[in-house]
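Chain order of the listed sequences is A and B. Numbering follows this note's numbering, in which position 15 of the first sequence is assigned residue number 429; successive positions increment by one, without gaps. Numbering follows this note's numbering, in which position 304 of the second sequence is assigned residue number 618; successive positions increment by one, without gaps.
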Amino acid sequence: MSGLRILVPVKRVIDYAVKPRVNKAQTAVETQGVKHSMNPFDELSIEEAVRLRERKHPVEDILAFSAGPAKSQDILRTAMAMGADRALHVVEEKTDLEPLGVAKLLKQVVEQEKRNLVILGKQSIDDDAAQTGQMLAGLLGWSQATQASKVELEGEMVTVTKEVDGGVETVRAKLPMVITTDLRLNEPRYASLPNIMKAKKKPLEKKTLADYGGELGKRLKTLKVMEPPARQGGGKVEDVDGLIGKLKELGAL
Amino acid sequence: MAPPLRHGLLRHATTCLRQSHPISAPKLSRHAAIQRLLSTLAVLEQRDGQLNMSSLASISAAQKLGGSIHGFVAGASIKQVAEQAAKVEGLEKVIYVDNAAYDKGLPENYAQLLVENIKKGGYTHVLAGHSAFGKNLMPRAAALMDVSQISDITGIESEDTFVRPIYAGNAILTVQSEDSPKMITVRGTAFAAGAAEGGSAGVEEGVDPKAECSTEWVSENLAKSDRPDLATAEKVVSGGRGLKSKEEFDRLIPPLADALGAAIGASRAAVDSGFADNSLQVGQTGKNVAPQLYLCAGISGAIQHLAGMKDSKVIAAINKDADAPIFQVADVGLVGDLFEKVPEMTEKVKGA
């Protein structure tokens, strides 16, 4: 059997701990001067890819990919510090690509780089779309396993336990395959300083959208971005009787 | 300065009126014309020959759009599910495909099945619930149709404009789509499911492309419970890290939930620590709930958790940390030790 040639797409997003603010013009969320980091689900993808190699599966190489502004380089370096072998960066400053556009881009990367396993996060925590992996699998005609909490490999057969409503479901498919990660899949490692230094020497290839030709433009138009209606805390009560009384008053009991 | 300005405003207002009057009539009929052309396919879920009632939210959402609505079901011995669906109010027709190959809803062949039936019906909109099934299936089908998908909508402004939360619910996006059909997943708690009785839709067999499925379904392990379903429950009692152990979670939370007739939820911290099953997680990466009452104990209120519950009608919190962020959103807060307060509450609710 030939080895695993893994593609791990990663996205640079506003750090999960930051409370996003809508800009004054109500056109987008303010990103200037806000801490960014790797989408948490993508850290799980890298970690899983690296663990496959550590579990002695024949991994040929792990390619980290990102499409986005120049600063996305930082998270590609992080991915390499965590164990990815090399990185590919499609530099695009202006357009926020939609999942369909990213999926089309990834399809080309998969074909050019002869990948046989793609591991993505189940969703990015900024647009919360949860689409890219499924779209990619559809475009490639590959098997898909979403919201994976366990991935087992035996030869070319992949068995994935998935988080579904009310419990878990297990599916099995032959490579090539697209897997999206759920939080329960693993505990991503911290990149150690020596590994961060080593990652600086790993190859990072830069391309542009033009290199991929094709129509990756936007289909959806943002009309407005607003703050959600603020919820006012209703104050505190002294004891359990007060709590029950207030709940009755509010018609909740 | 004031009088001319007022005049100006008045003149402006009258011109507006004069202009808008003749336009308003054709505008209305144009709207009606659009509504007549709309046709929605609502993808319904089934399990073991039972229609999944929470998937009916896609029908409620479709009713907000206007136009005709067809339901879609597929699986083994599906006819009875189709007939059950035909009674749901609002449906004109139920399309069914009877084939055991679709029973588990695997997207590798189900997406192709859906695409063929969308093409045949010429639908302008395709809606499914933003459930594990809908999330798995719809983007794949959207890609096959070469359209962008709009996920987890909470509002419909017009036939091409939709509202959805982004950034864990910290911003609300209004988005317009020119794609056709519009592939959409619907947040169940934002569109109350309509009546499951009273409809009389026709039942019709759909097309079956019999696409191969490259994935094999192996097994499932679902948490069995007599309690109301978390996603649709009227009341939810949720526990967090503050419960300290699975034993304490099981000792304190279920009795209070039972006393209230509530479903049980949990924070990510509680799930990660093994206090509660994954399927009970409420939040950005778990379930979204919007019950009448969300009562939580030992949950601090991280933004990822708030994302999943802040649309609840009434939020009540018990926490010993008076500065916990949960108190900023709670309608009623009780600062105290949950190990005392929760059992006391259980007893008092039971006694009431």
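Cβ atoms here follow ideal geometry from the backbone N, Cα and C, with glycine treated the same way.
Helix, strand or coil at residue i [DSSP, three-state]
i                      : result
residue 612 of chain A : helix
residue 637 of chain A : strand
residue 479 of chain B : strand
residue 459 of chain B : coil
residue 430 of chain A : coil
residue 535 of chain B : strand
residue 646 of chain A : coil
residue 366 of chain B : coil
residue 381 of chain B : coil
residue 431 of chain B : helix
residue 336 of chain B : Any reading at residue 336 of chain B needs caution, since the residue's pLDDT is 44, under 50, leaving its predicted position unreliable; the model's value is listed next. Residue 336 of chain B: helix per DSSP, three-state reduction.
residue 461 of chain A : helix
residue 608 of chain B : strand
residue 560 of chain B : helix
residue 522 of chain A : helix
residue 535 of chain A : strand
residue 505 of chain B : coil
residue 445 of chain B : coil
residue 412 of chain B : strand
residue 626 of chain B : coil
residue 527 of chain A : coil
residue 487 of chain A : helix
residue 627 of chain A : coil
residue 402 of chain B : coil
residue 548 of chain A : helix
Of the listed residues the options, nearest to residue i (C-alpha basis)
i                      : options                       : result
residue 440 of chain B : B:382, B:629 and B:485        : B:382
residue 522 of chain A : A:481, A:508, A:487 and A:650 : A:481
residue 400 of chain B : B:426, B:635 and B:367        : B:367
residue 544 of chain B : A:650, A:660 and A:579        : A:579
residue 599 of chain B : A:652, A:541 and A:630        : A:541
residue 613 of chain B : B:637, B:509 and B:521        : B:637
residue 496 of chain B : B:470, B:483, B:628 and B:661 : B:470
residue 650 of chain B : A:653, A:667 and A:666        : A:653
residue 432 of chain B : B:467, B:640, B:405 and B:355 : B:355
residue 403 of chain B : B:624, B:607 and B:376        : B:376
residue 476 of chain A : A:469, A:485 and A:493        : A:493
residue 664 of chain B : B:568, B:501 and B:601        : B:568
residue 662 of chain A : B:478, B:629 and B:465        : B:629
residue 351 of chain B : B:398, B:389, B:494 and B:521 : B:494
residue 430 of chain A : A:439, A:455 and A:630        : A:455
residue 535 of chain B : B:416, B:387 and B:591        : B:591
residue 425 of chain A : A:497, A:478, A:525 and A:635 : A:478
residue 468 of chain A : A:497, A:622, A:537 and A:543 : A:497
Beta-carbon gap between residue i and residue j smaller than 9 Å
i                      : j                      : result
residue 546 of chain A : residue 562 of chain A : no
residue 458 of chain B : residue 553 of chain A : yes
residue 593 of chain A : residue 533 of chain A : yes
residue 463 of chain B : residue 486 of chain B : no
residue 422 of chain B : residue 562 of chain B : no
residue 488 of chain B : residue 476 of chain B : yes
residue 572 of chain A : residue 551 of chain A : no
residue 632 of chain A : residue 512 of chain A : yes
residue 593 of chain B : residue 577 of chain A : yes
residue 609 of chain B : residue 632 of chain B : yes
residue 550 of chain B : residue 603 of chain B : yes
Which residues DSSP lists as bridging residue i, in chain order
i                      : result
residue 527 of chain B : BP columns for residue 527 of chain B are empty, so no partner.
residue 475 of chain A : A:419
residue 577 of chain A : A:582
residue 603 of chain A : BP columns for residue 603 of chain A are empty, so no partner.
residue 619 of chain B : Per DSSP, none; premise fails for residue 619 of chain B.
residue 648 of chain B : A:651 and B:632
residue 470 of chain B : B:476
residue 500 of chain A : A:477
residue 557 of chain A : A:591
residue 391 of chain B : DSSP output for residue 391 of chain B lists no bridge partner at all.
residue 386 of chain B : B:357 and B:409
Beta-carbon separation (whole angstroms), residue i vs residue j, contact threshold 8 Å
i                      : j                      : result
residue 535 of chain A : residue 441 of chain A : Not confirmed; about 26 Å, so no contact.
residue 652 of chain B : residue 556 of chain B : 6 Å
residue 621 of chain B : residue 597 of chain B : 6 Å
residue 518 of chain B : residue 434 of chain B : About 11 Å separates the two Cβ atoms, so there is no contact after all.
residue 530 of chain A : residue 418 of chain A : 6 Å
residue 380 of chain B : residue 409 of chain B : Not really, about 20 Å apart at Cβ, beyond 8 Å.
residue 411 of chain B : residue 522 of chain B : 5 Å
residue 453 of chain B : residue 548 of chain A : 4 Å
residue 416 of chain B : residue 388 of chain B : 4 Å
Partner residues on chain D for residue i, Cβ-Cβ distance less than 8 Å
i                      : result
residue 400 of chain B : Note that chain D does not occur in the displayed structure, where the protein chains are A and B.
Check: residue i C-beta below 8 Å from any heavy atom of the ligand HEM
i                      : result
residue 528 of chain B : Summarising the ligand content, the structure contains no ligands, and the ligand HEM is consequently not present.
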